[in-house]
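Residues in the sequence shown are numbered from 1173 upward in steps of one, following my numbering. Note that the Cβ used here is the ideal one computed from N, Cα and C, for glycine as well. What follows is a set of notes on a single structure, which appears directly below.
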Amino acid sequence: MQNTSLVKNGEVTLNVVTYGDARKVPIVLVHGYPDNHTVWKPVAERLASKHFVITYDVRGAGASSVPDKQADYRMALLSDDLRAVVDALIPGQPFHLAGHDWGSIQSWESVTAGALQSRILSYTTISGPCLDHMGYWLRRKTLNLSPAAKAGLLKQLFSSWYIGFFHLPVLAPAAWQGGLDKLWPRYLKHREQVSEPEANPTQDKDGRNGVQLYRANFRSKLFSPEPRPAHCPVQLVVPIRDNYVGSHLFDELHDWVPELYRRDLNANHWVPLSHPDQIARWIGEFVAGVESGKMPPALQHARVRPDRLGLPLSGKTAVITGAGSGIGRATALRLAEAGADVVCVDINEDAAAETAGQVQAIGAVAWTRAVDVGSAAAMQKLARWVEKELGCAEIVVNNAGIGMAGGVLETSTKDWERILKVNLWGVIHGSRLFGQLMVDSHCAGHIINVASAAAFAPNRKLAAYSTTKAAVHMLSECLRAELAEHEIGVTSVCPGFVATGIAKNTVYAGLSPEEQAEKQAKADNLYQRHSTFTPEDVAERICQAVLTNPAISLVGPEALATRFVSRFAPGVSRMVARLDITP
């Protein structure tokens, strides 16, 4: 149910549109520039089943009246408009607040000071920093002589070119009068990925009048900022492809917000229109958590921990299979050192728990899950658990694998099924399920599939193992091409000889238990003596791959050599394949 009313605040009349039952928990949504309240309509309709949603046209926009002077757009007056709206519709009641773009910028005024501060229960901010916070940020970046600080400052200045343009007399309003309002839906569709943008009948007015917001506030706020701490829980939603508001502007927000939750979204600026399902769900979850006094697990995980903020993978979640030992354990520890929280997955729950304990000792959060990666049902259950409890996993390392020696003919059907189940189907399940979760969650992430140098080296006595690893490598190449458009990277990591426990657990097809044990002991001895790389070396390469997104990462001289020979001297590779390289 949608209702429209008018609220008077001094000489300004505000157009207010509400959704849902007024007896339910109230949420106020404030729009930005050059929009009006309709930008929130898709989100408001989704929230209305459980909430009383209040939207309104800010002064100068939509059906609200237009002030005469630039000074009438000052931040204090915008904040007072919000007070007038809530006093008229929910007098004396506390409420939840969300803002996008300029709606977020102006809402910070009410969240951090003034009469409404005690009534605002929570605040969701999207693509709109507090100008006072931004003023302090600019001071620190200007005084910081480091190249990184200067690069971040220049990047934001280039992104904010339009602010300078809006301060020029005549030109900005003339652009809207010259037909920009007619082109705006096309811009939203092609640049912002809004599937079906509706034409706004007041777009010309909204664009022309809205520039006064910038002119009335930017200079005073940026050059004479005031300290503005927030006293309510704040959910920060960061569209990582925002063309106007860089995510680095929020790197120090925790200094002003003691209870801060951050959620990144693989999207452009106008997320209320392009991703209404996600935004409505996140606002609803946040409001429910504040109302109940207990945040859901995904939000608990999203809470910003200042002591981990400077790390390159801070705030990321990594799911690692085969995390109970070897490369999996080393990777869990390395990614934790880089800032990630880790879901330690292994068929051996005790081993996974031991890894999780070591991860927690580093200062990261860790979870333990006992999973048979070859089981589609078990992996589906894992993916659902991650989605429910953590929201999404930005990093997935499909590492679980087993060794097997023997020729094609001597490897039994049972052995073939076993190695295919773990080494190939485990990677397929992990790639497909978590890749889909990343896509559905609009989460830019990275999938690491651990293959092997054996992927490029056929051998008569490693038929099953080499086959599975070659398949993993090709799967990774195909998946990389498929997920590129979603900004999800995929890397095939191919280690050579690494001193792990895989040799002493390798199955030797066609041999008795006694012969197996003898072969395993010899193989493990050879690995320990001749391996030039450790699990920690591979983990370091995996961490670098997450950060740099190469298609393939070759670890060790054996991997480099087999890759080179397979490409440039395949005949030599086939000759070597005839040798029995097992101990």
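Item, Value
"Counted within 10 angstroms of its Cβ, other Cβ atoms place E1657 as buried (16 or more) or exposed", "exposed"
"Under the three-state DSSP convention, the category M1610 falls into", "helix"
"Three-pair Cβ contact test at 8 Å for the stretch 1583 to 1594 versus the stretch 1467 to 1485", "no"
"Local conformation of M1467 per DSSP, three classes", "coil"
"Burial state of S1392, where buried means 16 or more other Cβ atoms lie within 10 Å", "exposed"
"Sequence-distant residues of its chain with Cβ nearer than 8 Å to W1557 (five each side left out)", "R1541"
"CA-to-CA distance, L1609 to T1503, given in whole angstroms", "22 Å"
"Three-pair Cβ contact test at 8 Å for the stretch 1255 to 1271 versus the stretch 1184 to 1194", "yes"
"A1555 vs T1734 beta-carbon contact at 7 Å", "no"
"Where the alpha helix (DSSP H) through P1345 begins and ends", "L1343 to A1347"
"Residue interval of the alpha helix (DSSP H) (run including K1180)", "It is not in any alpha helix (DSSP H) - K1180 instead sits in the beta strand (DSSP E) that spans Q1174 to N1181."
"Rounded straight-line distance, which links the Cα of N1440 to that of G1379", "20 Å"
"K1241, buried or exposed, once every other Cβ within 10 Å from all chains shown has been counted against 16", "exposed"
"Every unbroken alpha helix (DSSP H) inside the stretch 1559 to 1595 [4 residues or more]", "1585 to 1591"
"DSSP bridge partner residues for S1725 (one or two, in chain order)", "V1665"
"Selection from E1566, Y1637 and A1723 that minimises the alpha carbon distance to G1578", "Y1637"
"Simplified DSSP assignment, three categories, for S1236", "coil"
"Touching by the beta-carbon criterion (3+ pairs, under 8 Å), the stretch 1291 to 1300 and the stretch 1392 to 1401", "no"
"One or two residues paired with G1271 in a DSSP bridge", "V1202 and T1297"
"For C1615, the three-state DSSP class (helix, strand or coil)", "coil"
"Distance CB(H1203)-CB(G1275) smaller than 7 Å", "yes"
"C1302 in three-state terms, based on DSSP", "coil"
"Span of the alpha helix (DSSP H), counted from its first residue to its last, around F1224", "Careful: F1224 lies outside any alpha helix (DSSP H), inside the beta strand (DSSP E) at H1223 to Y1228."
"E1686 CB to nearest heavy atom of the ligand NAD below 6 Å", "As presented, the structure is devoid of all ligands, the ligand NAD included, so that no description of it is given."
"Three-state class that DSSP yields for Y1416 in the structure shown", "coil"
"Of the residues V1443, L1596, D1414 and L1605, the one placed nearest T1639, counting alpha carbons only", "L1596"
"Chain-order list of residues whose beta-carbon lies under 7 Å from that of L1726 (same chain, five-residue window excluded)", "C1666, L1732 and R1735"
"Meets three-Cβ-pair contact criterion under 8 Å: the stretch 1225 to 1239 and the stretch 1455 to 1471", "no"
"Exposure of G1617, with buried meaning 16 or more beta-carbon neighbours within 10 Å", "buried"
"Collapsed DSSP secondary structure at I1499 in the structure displayed", "helix"
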